[in-house]
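Here the sequence shown is numbered in our numbering, starting from 9 and rising by one per residue.
Glycine included, each C-beta is placed from N, C-alpha and C at the ideal position.
Have a look at the structure below, then the notes.
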Amino acid sequence: MVAVADPEPVDEVRVGLSTASVYPENTAAAFEIAGRLGYDGVEVMVWTDPVSQDVEALRRLSDEHGVPVLAVHAPCLLVTQRVWSTDPWRKLVTARAAAERLGADTVVVHPPFRWQRAYARGFVEGIARLGAESGVRFAVENMYPWRYRDREMQAYAPGWDVTDEEYPHLTLDVSHCATARGDALELAGRMGERLTHVHIGDGSGSGKDEHLVPGRGAQPCAAVLERLAATGYRGHVIAEINTRRATSAREREADLAEALAFTRLHLRQPAPAPPPAERRGEAGR
Numbered sequence: 009m010v011a012v013a014d015p016e017p018v019d020e021v022r023v024g025l026s027t028a029s030v031y032p033e034n035t036a037a038a039f040e041i042a043g044r045l046g047y048d049g050v051e052v053m054v055w056t057d058p059v060s061q062d063v064e065a066l067r068r069l070s071d072e073h074g075v076p077v078l079a080v081h082a083p084c085l086l087v088t089q090r091v092w093s094t095d096p097w098r099k100l101v102t103a104r105a106a107a108e109r110l111g112a113d114t115v116v117v118h119p120p121f122r123w124q125r126a127y128a129r130g131f132v133e134g135i136a137r138l139g140a141e142s143g144v145r146f147a148v149e150n151m152y153p154w155r156y157r158d159r160e161m162q163a164y165a166p167g168w169d170v171t172d173e174e175y176p177h178l179t180l181d182v183s184h185c186a187t188a189r190g191d192a193l194e195l196a197g198r199m200g201e202r203l204t205h206v207h208i209g210d211g212s213g214s215g216k217d218e219h220l221v222p223g224r225g226a227q228p229c230a231a232v233l234e235r236l237a238a239t240g241y242r243g244h245v246i247a248e249i250n251t252r253r254a255t256s257a258r259e260r261e262a263d264l265a266e267a268l269a270f271t272r273l274h275l276r277q278p279a280p281a282p283p284p285a286e287r288r289g290e291a292g293r
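So, in structure tokens, the structure goes:
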């Protein structure tokens, strides 16, 4: 039997934890848990937790736990419409400034809601302009149609499929792909070199955005990660999972540890196997 070398880790890809993954615990708890479990950093979800909005508080947490901030998720949710101003462009400028001060290289942003008409009209060009003004990437995230029973509503503009627009940088969210009833591996292929940020999670294809631990749903999470390794991906991979139903802090941390182990396992690029021994022998005859 021919021995095959152990896989080598892709050192350039850092695996981070979204601070949203510890909810209902808070942002401070996310830094502490990320450091204890061995994550390479965090993505700060800016939401209603005051600490998530406070750059100096975030810097102190990063220093205290030795956990760098890899990305800032701009406040794009319905519950954060008044966080960092009601002006969506001001939110993005503030998110960029926060990323710069925290040493993060990426701002994650959702497409506008359809009712944000003025924002949506100039969104594609505006995102390109904001990104060109600094070294911070604005990575626009794939979304999904909203469904209720047999009805479907297009909630985002220009659209939820971000590959339809000329965004310079894209975020692949695997759970959102499941909710859209798509295939994350196929979507990653369409994103191509514009894919610069990944939210790893899973989903069953229901109408809900589930954010399951990778490997517990129907999406090809392992294949997506292996593709990243094989194609020389150099962005970050962020575990963004839902632990709200965890019955204890111990169960929550077990889920977060499993997500980290799964992600690191499948980001390892196997070394090419040597040719079979009999072929080498034949070649030397």
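Item checked: Run of the beta strand (DSSP E) containing Leu-78, from where it starts to where it stops -> Element bounds for Leu-78: 77–81.
Check: At what residues does the alpha helix (DSSP H) containing Thr-171 begin and finish?
Finding: Annotation: Thr-171 is outside any alpha helix (DSSP H) and is labelled neither H nor E by DSSP.
Next item on the list: State buried or exposed for Ser-29, treating a residue as buried only when at least 16 other CB atoms are found within 10 Å of its CB.
Entry: Per the 10 Å Cβ criterion, buried.
Next item on the list: My understanding is that Ser-142 touches Arg-104, with C-beta atoms under 8 Å, so please give their C-beta distance in whole angstroms.
Entry: Taking C-beta atoms under 8 Å as the contact rule, Ser-142 and Arg-104 qualify, at a distance of about 6 Å.
Notebook entry, point to check: Of the residues Glu-261, Lys-216, Gln-227, Leu-273, which one's Cα is nearest the Cα of Ala-237?
Noted result: Nearest option by C-alpha distance: Leu-273.
Note to self: Once the 5 residues before and after Ala-296 are set aside, which same chain residues still bring their CB inside 6 Å of it?
What the structure shows: Outside the shown range of the chain (9 to 293) lies residue 296, about which nothing can therefore be said.
Margin query: For Val-87, which residues in the same chain have their Cβ closer than 8 Å to its Cβ, ignoring the five residues on either side in sequence?
Written below: Cβ within range, chain order: Trp-55, Thr-56.
Item checked: Any chain D beta carbon closer than 8 Å to Asp-158 -> In the structure shown, chain D does not exist; there is a single protein chain.
Notebook entry, point to check: If you draw a straight line from the C-alpha of Glu-149 to the C-alpha of Val-91, how long is it?
Noted result: Our two residues, Glu-149 and Val-91, have alpha carbons roughly 19 Å apart in a direct line.
Next item on the list: Mind listing, in chain order, the continuous alpha helix (DSSP H) runs of no fewer than 4 residues lying wholly within the segment 114–154?
Entry: Qualifying alpha helix (DSSP H) stretches, in chain order: 125–129, 131–140.
Notebook entry, point to check: Can you tell me the Cα-Cα spacing of Arg-68 and Ala-79, whole angstroms?
Noted result: Roughly 16 Å between the two C-alpha positions.
Checklist line | Residue burial classification, Lys-216 (beta-carbon count within 10 angstroms, cutoff 16) | finding: Classification for Lys-216: exposed.
Margin query: Please return the same chain residues whose Cβ sits closer than 8 Å to the Cβ of Phe-131, not counting the five positions on each side in sequence.
Written below: Here the set comprises Pro-119, Pro-120, Ala-165, Pro-166.
Item checked: Reduced DSSP category for His-244 - H, G, I as helix; E, B as strand; rest coil -> In this structure, His-244 counts as strand in the three-state DSSP scheme.
Notebook entry, point to check: Arg-198: which of Leu-66, Leu-178, Ala-188, Gly-209 sits nearest, CA to CA?
Noted result: The alpha carbon of Arg-198 has as its nearest neighbour, out of Leu-66, Leu-178, Ala-188, Gly-209, the alpha carbon of Leu-178.
Next item on the list: Might you give, ordered along the chain, the residues of its own chain that have their beta carbon closer than 8 Å to the beta carbon of Pro-228, omitting 5 neighbours on each side?
Entry: So the qualifying residues of the chain are Asp-191, Ala-192, Leu-193.
Check: For Ile-208, which of helix, strand or coil comes out of DSSP?
Finding: Residue state, collapsed to three classes: strand.
Next item on the list: Could you say which of Leu-203, Gln-162, Ala-188, Asp-158 lies nearest to Glu-174 if we only look at CA atoms?
Entry: The candidate whose alpha carbon is nearest that of Glu-174 is Leu-203.
Next item on the list: Can you give me the Cβ contacts of Met-53 inside the same chain, cut-off strictly under 7 Å, excluding the 5 residues immediately before and after it?
Entry: Once the five neighbours on either side are set aside, the close Cβ partners of Met-53 are Ser-26, Thr-27, Ala-28, Ser-60, His-81.
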